[in-house]
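One structure is given here, and the rest of the page talks about it.
Residue numbers (the UniProt record's numbering): 1 to 485.
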């Protein structure tokens, strides 16, 4: 007998019933489908861009499996003072503790002078094993921190939707067992407590409660946002039924004589209307007999023909776009504003004229380019999309001094030559002016050196040393160098 047959036989003997969701509808899974998505996202974030080997990935997945199976599902009232948390792993091995005793490891290094070669080899192997285990545990620690926050968030959302669907209050109540949120909790460790007292605020909103931790006698205060319901809790309907007192029997007056509800309005009998009487029927051999409904059919047909062919009123609003050489022709009638996009270039204009030409940059029109035209009419937005054919680059250059013309001088040779000549002449003129100014500066420096004139400068950022002179000014000294003290 195979393992699958054994499982099927066991399930049949226990009269277990499988409830399957509709195929291709994972949203029916509810909370556990979101739990699987959260596990995958946390695993991707924990690994990051690091490439793991097959052994490392397998070890990490086993550790993550232990972390997931150690989460608290519900509590056991009989074990409240010892270990009240019921975990998925308890169904396989009760009260198992998943931990990694790295704190007892002492970092020893091999010493060739002290250890013999055989012991040194054993120590190196032991150290390598510890390093590999430490790397795996660090990855699991990152997964624990990321997944724990996501799991608690999913629990809050799940219980909020569940309570809203039952139309029950989402406020905590005395006696509720909740998870205690603590960012410093060790891996695979969860704390639960029971609400013993509710401390309402001045506006009758519950923001703080008194919680008694499982297995401890002390009570402490916690805000409501740091309390999360367990994954498996009591049904809100059952909880509400327990709080409502049951009436022994309904009073006899309410169930004895109950007259059926009757309509108290006095209705007059309706008069039958013959719609054929509204139209006279001519009984004459010269006039053919026609039904009264033909008259209405004729009016309906006449109205339809006048609507289709007799309307001469012009169209109130209109918007269209056409491809032309070098750009687009935009036709708009009573359009408030429009937006046109060609590739990555977009333009927005308000209150346009009836006929406008939109020039497309040559770097866009050199290839086939899509055009998206959105026009805002009176009470709606009209969107038009088209594709224009490519055009020669040089023929679409419509600027005098731009990068398209400078880097493509063959497009307009005469204009490019004029621009280049103007640039060279300007550069030479600036060069000549700069050379003359430098010669003049050198003459002044030579004159000052020949006459042994020195500059006495004040201390930077201390304009008060200059007296009446301006800030940063320098006072020339005409005294010879030998006479200054």
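Note that beta-carbon positions come from the ideal geometry of N, C-alpha and C, so glycine has one too.
Owing to the predicted nature of the structure, the values given are computational and were not obtained by experimental measurement.
In its own chain, which residues sit with a C-beta less than 8 angstroms from the C-beta of residue i, not counting the 5 before and 5 after it?
i           : result
residue 480 : Caution is warranted here: a pLDDT of 48 is assigned to residue 480, below 50, making its placement in the model unreliable, and the coordinate value is therefore given only provisionally. Same-chain partners within the cutoff: 452.
residue 255 : Caution applies to residue 255, whose pLDDT of 44 falls short of 50 and renders its modelled position unreliable; the value that the coordinates give is listed next. Same-chain partners within the cutoff: there are none.
residue 172 : 178, 195, 198, 206, 209, 224 and 227
residue 377 : 317, 319, 334, 335 and 336
residue 96  : 89 and 90
residue 353 : 332
Under 6 angstroms Cβ to Cβ from residue i, same chain only, skipping five residues before and after it: list those, please.
i           : result
residue 342 : 360, 364, 369 and 371
residue 505 : The first residue shown for the chain is 1 and the last is 485, placing residue 505 beyond what the model contains.
residue 84  : 75, 76 and 214
residue 243 : Because the pLDDT of residue 243 is 49, which lies under 50, any placement of that residue in the model is unreliable, and the question is left without a value.
residue 282 : Residue placement at residue 282 is poorly supported in this model, since its pLDDT is 43, which falls under 50; the coordinates are not used for a value here.
residue 391 : 365
residue 169 : Only weak support is given to the placement of residue 169: the predicted model assigns it a pLDDT of 48, under 50, and the question is left unresolved by the model.
residue 246 : Because the pLDDT at residue 246 is just 49, under 50, the model does not fix this residue reliably, and the point stays unresolved.
residue 328 : 321 and 358
residue 348 : 339
residue 8   : none
residue 18  : none
residue 382 : 319 and 375
residue 431 : none
My understanding is that residue i touches residue j, with C-beta atoms under 8 angstroms, so please give their C-beta distance in whole angstroms.
i           : j           : result
residue 140 : residue 65  : Residue 140 to residue 65, Cβ: 11 angstroms. No contact.
residue 337 : residue 351 : 7 angstroms
residue 335 : residue 319 : 5 angstroms
residue 73  : residue 232 : 5 angstroms
residue 418 : residue 362 : Incorrect: roughly 20 angstroms between the Cβ atoms, too far for contact.
residue 14  : residue 22  : No, residue 14 and residue 22 are not in contact; Cβ-Cβ is about 25 angstroms, not under 8 angstroms.
residue 375 : residue 435 : With 8 angstroms as the limit, residue 375 and residue 435 do not qualify as a contact, their Cβ atoms being about 60 angstroms apart.
residue 60  : residue 52  : 7 angstroms
Smallest Cα separation from residue i: which of the options?
i           : options               : result
residue 136 : 205, 175 and 55       : 55
residue 345 : 352, 373 and 331      : 373
residue 80  : 376, 175 and 181      : 175
residue 41  : 182, 186, 325 and 151 : 151
residue 153 : 186, 39 and 429       : 39
residue 324 : 386, 127, 157 and 219 : 386
residue 183 : 197, 172 and 149      : 149
residue 158 : 33, 376 and 50        : 33
residue 395 : 429, 388, 442 and 326 : 326
residue 58  : 133, 36, 93 and 11    : 133
residue 389 : 381, 367 and 438      : 367
residue 384 : 399, 433, 330 and 430 : 330
residue 50  : 94, 92, 82 and 138    : 138
According to DSSP, which residues form a beta bridge with residue i?
i           : result
residue 383 : 374
residue 339 : 348 and 374
residue 358 : 328
residue 222 : 209
residue 178 : 193 and 229
residue 199 : 208
residue 322 : 329
residue 399 : For residue 399, which the question treats as bridged, DSSP gives no partner whatsoever.
residue 85  : 75
residue 369 : 388
Is there at least one non-hydrogen atom of the ligand MN closer than 6 angstroms to the beta-carbon of residue i?
i           : result
residue 192 : Only the bare structure without any ligand can be found here, which leaves the ligand MN out of the picture.
Spatial neighbours of residue i within its chain, please: C-beta separation below 7 angstroms, excluding the five flanking residues on both sides.
i           : result
residue 131 : none
residue 70  : 87, 89, 98 and 188
residue 250 : For residue 250, the predicted structure reports a pLDDT of 49, less than 50, and the residue's modelled location is therefore unreliable. The matter cannot be settled from this model.
residue 220 : 211
residue 310 : Low confidence applies here, because residue 310 scores a pLDDT of 49, under 50, leaving its location unreliable; read the following figure in that light. Result list for residue 310: empty, nothing under 7 angstroms.
Practice item. Examine the Cβ distances between the region 45 to 54 and the region 127 to 147 and report whether three or more of them are shorter than 8 angstroms. Key: yes
Practice item. Taking 8 angstroms as the threshold, find out whether the region 421 to 428 comes into contact with the region 349 to 366 through three or more Cβ pairs. Key: no
Check your understanding: Are the region 198 to 206 and the region 181 to 190 in contact at 8 angstroms, needing three or more beta carbon pairs?
Key -> no
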